[in-house]
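Participant: Have a look at this one.
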Amino acid sequence: MSQVEIWIDGGIKRGSDVVKALALGAKGVGLGRAALYGLAVDGEDGVYRSLQILADETITTMRLLGASCVSELRPQHVNTAALNSQLYDGPAGLEEAESVFRARL
């Protein structure tokens, strides 16, 4: 997987989203939403301000995690406890599906 570059685009609303994506291995994130909101509110100055807010939130989140640079972020920095209850750890059940969906040629 180290040969694949992953970029996250969509759903990035705050600096903590940027940090989560980078901690989970993304090489970068798309920030179109923040720029568009800023553009709608105050034109070019709004774009600059909204991206500055996002950058400040990102830096604050990293500091709260004890990371001084992006290279220090690791998957362990992301709390996935809420997702663990949604993971299925049982058998796939594909053995029964094979007999039902077997091609009859």
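Numbers 1 to 105, taken from full-length UniProt numbering, label the letters of the sequence shown in order. Ideal Cβ placement from N, Cα and C applies to all residues, glycine included. Predicted model, so just to flag it, every value in this text is computed and none were measured.
(1) Within the same chain, show all residues whose beta-carbon is closer than 6 Å to that of Arg14, passing over the 5 residues directly before and after it, in chain order.
(2) Could you tell me if Ile12 is buried or exposed, where buried requires 16 or more neighbouring beta carbons within 10 angstroms of its beta carbon?
(3) Just to confirm, are Leu39 and Gly32 a CB contact at a threshold of 8 Å?
(4) Apart from the five residues on each side of it in sequence, which residues of its chain come closer than 7 Å, Cβ to Cβ, to Gly43?
(5) Buried or exposed, going by whether 16 or more other CB atoms sit within 10 Å of the CB of Thr60?
(6) Starting from Val78, trace the beta strand (DSSP E) in both directions and tell me its first and last residue.
(7) Taking buried to mean at least 16 other C-beta atoms within 10 Å of its own C-beta, is Val4 buried or exposed?
Facilitator: Walking through what the data contain:
(1) When the five nearest sequence neighbours on each side are left out, the beta carbons in the same chain lying within less than 6 Å of the beta carbon of Arg14 are those of Glu57, in order along the chain.
(2) If you draw a 10 Å sphere on the C-beta of Ile12, you find 16 or more other C-beta atoms in it, and that means buried.
(3) Contact flag unset, no.
(4) Counting only Cβ-Cβ distances below 7 Å, and skipping sequence neighbours, we find nothing.
(5) So Thr60 counts as exposed.
(6) It is not in any beta strand (DSSP E) - Val78 carries neither H nor E in the DSSP assignment.
(7) By the 16-neighbour rule on beta-carbons within 10 angstroms, Val4 is exposed.
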